[in-house]
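Participant:
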Amino acid sequence: MATIDWAAERERALAETRAPSFPPTVKLPALPQAVARFAEISRRPDASLGELARIVESDSSLMLDVLRYVNSSYVGLRHRVASVLQAIGLLGLKRATSLVVASGLEAAARARQMKLVNQQVFWRSCLEKAIFAREVARLWGADADAAFAGGLLQDFLLPVLSDQLAGQYVIYLEAARRGAGAGSQTPASSGGASLALRAGVADTNPTRQRGDKGCRLVDFEAARFGWNHAVAAGWLVHSWKLPDELVCCLVFHHQWSRVIADPTLGRTSAAAVAISALLPDPLLQEPQGVANLKALSERRSEIDLERLVGGIDDECDRLGMDAGRVASLAQRCHLAGTREHLPDEQATHHVSAG
Ligand SMILES: [Fe+2]
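According to the working numbering, the sequence shown is numbered sequentially starting from 253.
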């Protein structure tokens with residue numbers, strides 16, 4: 253696969269948007285210091301593996317998270333790895349950086365409580381998307397580790413945003429559960445697309461362009477706040493100087509139809525992450541996601557939805573990730589495909605819009 257100039261793609265992605273201006277009440281997660289230092293040193297041409305390993309080892313919880321990831325089926329190494337130095341040596345710098353960023357940032361985001369949805373269910377859905385993105389990236393010969401990291405982190409701001417702006421997010425969630433489309437609850441219900449564009453957020457959803465009723469979470473956010481969680485996450489991760497490929501995966505994650513048609517990005521980690529964002533999740537981000545995934549899999553023979561989804565459920569089972577009272581991904585996809593929305597009462601909490 254041709255080498256992608258991710259710095260140029262990141263510049264292009266951010267040039268189309270504005271840096272979000274958050275309400276003063278929103279306290280964003282902090283990047284763990286060791287992750288920031290690792291990312292900074294790894295960019296240097298003379299970076300030594302020993303120095304990078306010592307940075308990870310300086311943060312005991314990060315070290316444990318990294319070793320847990322390296323030895324899990326996500327990475328697929330044949331032999332058990334006992335030290336961070338060994339892990340970095342085996343994986344190489346690029347893979348190791350994806351892994352350190354994913355494990356450190358996920359742990360920081362996981363530490364935040366969630367009012368609106370069951371936290372365990374939310375993070376299981378993030379893992380499902382990460383595995384899906386990794387498998388699609390493998391099929392395309394794209395960077396599977398970058399796709400996994402992007403898939404896992406695509407919604408890392410939602411725990412904070414849906415908690416601290418819960419009154420707004422509950423309006424979306426209740427409308428999405430009713431299947432009315434949250435656009436009907438916004439001040440400019442019929443103007444979701446134009447509002448999104450005015451806010452500097454590319455509106456490329458073919459579903460709404462066909463005039464269907466379902467409004468997506470990113471459009472609701474753009475209309476309410478002037479930004480959405482995808483663009484906000486991209487800007488934040490860029491401000492932390494994390495890899496440009498990750499910035500692109502985050503910014504584009506709700507622009508699947510545009511990204512897969514893009515001559516440069518079409519078969520990259522960013523496209524794999526954007527397709528993974530169509531999977532069902534407890535915040536009902538993409539009301540038409542499964543229908544769009546099914547339509548895509550009919551056009552693209554390599555996207556065998558049934559096989560991919562079955563593989564994700566198997567992998568989650570092998571990892572001992574109990575879905576609890578929530579249905580398997582295969583069941584949720586089936587239900588979402590037949591009823592457009594799955595009002596999953598087990599996965600959501602009831603919070604008044606106030
Ligand atoms: Fe998202």
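Don't be surprised by glycine CBs; every beta carbon is placed ideally from N, CA and C.
How would you label R559, buried or exposed, when you count the other beta carbons within 10 angstroms and need 16 or more for buried?
Facilitator: Numbered from 1 along the sequence shown, position 307 holds the residue referred to as residue 559. Label assigned to R559: exposed.
Participant: Taking the beta carbon of S407 as the centre, do at least 16 other beta carbons fall within 10 Å, making it buried, or is it exposed?
Facilitator: In the sequence shown, the residue the question calls residue 407 occupies position 155. A small fix is needed here, since residue 407 is Asp in this sequence, not Ser. It is buried - the Cβ of D407 has at least 16 other Cβ atoms within 10 Å.
Participant: I need the DSSP call for V369, collapsed to helix, strand or coil.
Facilitator: Taking the sequence shown and counting its residues from 1, the one referred to as residue 369 is at position 117. V369: strand per DSSP, three-state reduction.
Participant: What separation, rounded to the nearest whole angstrom, lies between the Cα atoms of E268 and L517?
Facilitator: Here residue 268 refers to the residue found at position 16 of the sequence shown. Here residue 517 refers to the residue found at position 265 of the sequence shown. One C-alpha to the other measures close to 16 Å.
Participant: Is D407 close to ligand 3? I mean its beta-carbon at under 6 Å from any heavy atom of the ligand.
Facilitator: Among the ligands in the structure shown, ligand 3 does not appear; only ligand 1 can be found there.
Participant: Using alpha carbons as the reference points, say which of R320, A291, V388, R362 lies closest to S528.
Facilitator: Against the sequence shown, residue 528 aligns to sequence position 276. Measuring from the Cα of S528, the nearest candidate turns out to be V388.
Participant: So is the beta-carbon of Q537 under 6 Å away from any non-hydrogen atom of ligand 1?
Facilitator: For the purposes of this step, residue 537 is taken as residue 285 along the sequence shown, with counting starting at 1. Yes - ligand 1 has a heavy atom lying nearer than 6 Å to the Cβ of Q537.
Participant: Between which two residues does the alpha helix (DSSP H) holding N544 run?
Facilitator: Here residue 544 is taken as the residue at index 292 of the sequence shown, counted from 1. Residues 541 to 551.
Participant: So, for H506: in the same chain, excluding its five sequence neighbours on each side, which residues have a beta-carbon less than 6 Å away from its beta-carbon?
Facilitator: Locating residue 506 in the sequence shown gives position 254, where the first residue counts as 1. Contacts found: V470, A482, A529.
Participant: How would you call T277, buried or exposed, if buried means at least 16 neighbouring beta carbons within 10 angstroms?
Facilitator: Locating residue 277 in the sequence shown gives position 25, counting from the first residue. Exposed is the call here.
Participant: Take the Cβ of A260 as the centre, count every other Cβ of all protein chains shown within 10 Å, and call the residue buried at 16 or more, exposed below.
Facilitator: As a working mapping, residue 260 is identified with position 8 in the sequence shown. Exposed, because fewer than 16 other Cβ atoms sit within 10 Å of the Cβ of A260.
Participant: Can you list, in chain order, the stretches of the beta strand (DSSP E) that have 3 or more residues and sit fully within the stretch 402 to 436?
Facilitator: If we require 3 residues or more, the stretch 402 to 436 turns out to have no beta strand (DSSP E) run fully inside it.
Participant: Return helix, strand or coil for K493, following the three-state DSSP convention.
Facilitator: What you label residue 493 is simply residue 241 of the sequence shown in a count that begins at 1. Correct three-state label for K493: coil.
Participant: What residue from R468, L409, Q583, H586 has the CA that sits closest to E426's CA?
Facilitator: In the sequence shown, residue 426 corresponds to position 174, counting from 1. For E426, the nearest C-alpha among the options comes from R468.
Participant: Compare the Cα-Cα distances from S521 to each of G419, R551, G403 and report the closest residue.
Facilitator: Sequence index remark: in the sequence shown, residue 521 carries index 269 (1-based). For the residues G419, R551, G403, the minimum Cα distance to S521 belongs to G403.
Participant: Which one of A360, A271, T255, L548 has the shortest CA to CA distance from P284?
Facilitator: Locating residue 284 in the sequence shown gives position 32, counting from the first residue. Nearest of A360, A271, T255, L548 to P284, Cα basis: A360.
Participant: Tell me which residue opens and which closes the alpha helix (DSSP H) that A288 is part of.
Facilitator: For the purposes of this step, residue 288 is identified with residue 36 of the sequence shown, where counting begins at 1. Run containing A288: 285 to 294, per the alpha helix (DSSP H) assignment.
Participant: So does the stretch 333 to 350 actually touch the stretch 298 to 305, counting three or more Cβ pairs closer than 8 Å?
Facilitator: Yes: at least three Cβ pairs fall under 8 Å.
Participant: Please return the same chain residues whose Cβ sits closer than 8 Å to the Cβ of V333, not counting the five positions on each side in sequence.
Facilitator: Residue 333 sits at position 81 when you count from the first residue of the sequence shown. Same-chain partners within the cutoff: L319, V322, N323, A339, L342.
Participant: How about F504 and A485: are their beta carbons less than 7 Å apart?
Facilitator: Stepping through the sequence shown from its first residue, residue 504 is reached at position 252. Stepping through the sequence shown from its first residue, residue 485 is reached at position 233. No.
Participant: The alpha helix (DSSP H) with S355 in it runs from where to where?
Facilitator: Along the sequence shown, read from residue 1 onward, the residue named residue 355 stands at position 103. S355 -> alpha helix (DSSP H) spans 345 to 362.
Participant: According to DSSP, simplified to helix, strand and coil, what is R306?
Facilitator: Locating residue 306 in the sequence shown gives position 54, where the first residue counts as 1. Helix, per DSSP.
Participant: Look up R519 in the DSSP assignment and say whether it is helix, strand or coil.
Facilitator: Translated into positions along the sequence shown, residue 519 becomes position 267. Coil at R519, not helix or strand.
Participant: Which residues in the same chain as T255 place their Cβ atom closer than 6 Å to its Cβ, once the five residues preceding and following it in sequence are excluded?
Facilitator: The count along the sequence shown starts at 1 and reaches residue 255 at position 3. Taken in chain order, the list of residues that qualify is empty.
Participant: Can you confirm whether the stretch 369 to 384 touches the stretch 531 to 538 when touching is taken to mean that 3 or more C-beta pairs between the two stretches lie within less than 8 Å?
Facilitator: Touching, yes, given that three or more Cβ pairs across the two stretches are closer than 8 Å.
Participant: Are the Cβ atoms of A524 and A401 separated by less than 7 Å?
Facilitator: One-based indexing of the sequence shown puts residue 524 at position 272. One-based indexing of the sequence shown puts residue 401 at position 149. No. Outside cutoff.
Participant: Residues in its own chain within less than 7 Å of R289 by CB, not counting five upstream and five downstream?
Facilitator: On the sequence shown, position 37 is the one that residue 289 refers to. Result list for R289: I307, in chain order.
Participant: Suppose you measure from the CA of L417 to the CA of I423; what does that come to, to the nearest Å?
Facilitator: For the purposes of this step, residue 417 is taken as residue 165 along the sequence shown, with counting starting at 1. For the purposes of this step, residue 423 is taken as residue 171 along the sequence shown, with counting starting at 1. Distance between the alpha carbons of L417 and I423: 11 Å.
Participant: Consult DSSP for I383 and reduce its assignment to one of helix, strand or coil.
Facilitator: Residue 383 sits at position 131 when you count from the first residue of the sequence shown. Note: I383 maps to helix in three-state DSSP.
Participant: Closest to W258 by CA distance: which of L502, V542, L587, A428 is it?
Facilitator: If you number the sequence shown from 1, residue 258 lands on position 6. Nearest of L502, V542, L587, A428 to W258, Cα basis: L502.
Participant: Could you tell me the boundaries of the alpha helix (DSSP H) in which I564 lies?
Facilitator: Position 312 of the sequence shown, counted from the first residue, corresponds to residue 564. Note, I564: alpha helix (DSSP H), 557 to 570.
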